[in-house]
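Participant: Just so we're aligned: the sequence shown equals residues 17 to 199 in this note's numbering.
My questions will all concern the structure given below.
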Amino acid sequence: RRVLFRSVSQSRYTFTLIVGNQYGCTDQDQVTITMLPAPAYSVGTDTLICPGGTAQLFATAVGAISYVWNPITGLSNPFIANPTATPPFTQFYTVSITTSTCTINDSVTVVVDQPDFANAGSDTAYCFGQSVQLGATGGVSYEWFPATGLNNPNIQNPITSIDTSIVYGVITTTANGCIVTGK
């Protein structure tokens with residue numbers, strides 16, 4: 017028969033195992049487990065980047081011996097505290113920090129903004145002396161190029177009244193600051 021006793025003293029736990037058989041013989045053994053406080057550590061916050069952008073990851077811990085980031089997708093070096101990340105898509109990274117007393121696991125997400133494509137609208141033909149309103153989509157701010165013949169190259173729907181053929185393009189900026197170009 018087995019009887020398990022536990023005594024607690026601060027952050028130390030002592031477990032005693034007593035084993036007896038049908039003849040009245042018993043034996044016991046003890047094991048003491050000391051709970052060490054987790055070392056002070058910090059892992060950076062989630063980050064938003066534009067496609068092709070780079071984010072700096074941060075991890076630190078008092079007494080750190082090693083760092084291992086997973087997955088390695090887009091990382092400059094998965095075995096350092098502060099690698100740069102250039103993931104092709106939103107990536108959830110986990111870091112394992114090993115100290116002399118324990119291993120700490122934490123995570124951070126690098127969100128890759130997937131902006132809509134900039135769209136400068138359909139090709140248009142118009143007669144001499146007429147004006148045409150252009151229209152772009154895919155952003156919160158717009159910059160048309162070239163500015164030739166436009167009443168305002170910095171709005172979503174400028175009006176052009178140029179007397180020659182021209183191809184306009186537009187650069188849009190998303191709400192997150194990513195830049196997309198369209199024609």
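Quick reminder that beta carbons are idealized off the backbone N, C-alpha and C, glycines included.
For clarity, every value in this text was computed on a predicted model and none was experimentally measured.
(1) Based on the DSSP output, what are the partners of Q46 in its beta bridges?
(2) Given this structure, state the Cα-to-Cα distance separating C118 from F108, to the nearest angstrom.
(3) Distance, Cα to Cα, G90 vs A163?
(4) State the Cα-Cα distance for the pair S112 and Y83, rounded to the nearest angstrom.
(5) Tell me whether the region 38 to 53 and the region 92 to 107 touch, counting them as touching only if at least three CB pairs, one residue from each stretch, are closer than 8 Å.
(6) Between I178 and S147, what straight-line distance do the alpha-carbon atoms span, to the nearest angstrom?
(7) I175: buried (16+ other C-beta within 10 angstroms of its C-beta) or exposed?
(8) Please name the residue in G185, Q172, C143, S157 whose C-alpha comes closest to that of C194.
(9) State yes or no: is the C-beta of A77 within less than 8 Å of the C-beta of P99?
(10) For A101 and T180, I'd like the C-alpha separation in whole angstroms.
(11) So which of V183, V127, F161, F144 has the shortest CA-CA distance to P67?
(12) Checking contacts by CB at 8 Å: is T30 closer than that to chain B?
(13) Given this structure, state the Cα-to-Cα distance separating T189 from T114, to the nearest angstrom.
Facilitator: Reading from the atomic positions:
(1) T32
(2) Each residue's Cα considered, the two are about 23 Å apart.
(3) 38 Å
(4) Each residue's alpha carbon lies about 6 Å from the other.
(5) no
(6) 8 Å
(7) Burial call: exposed.
(8) The option with the nearest alpha carbon to C194 is S157.
(9) Not a contact, by the Cβ cut-off of 8 Å.
(10) 47 Å
(11) V127
(12) This model lacks chain B altogether; it includes just one protein chain.
(13) 42 Å
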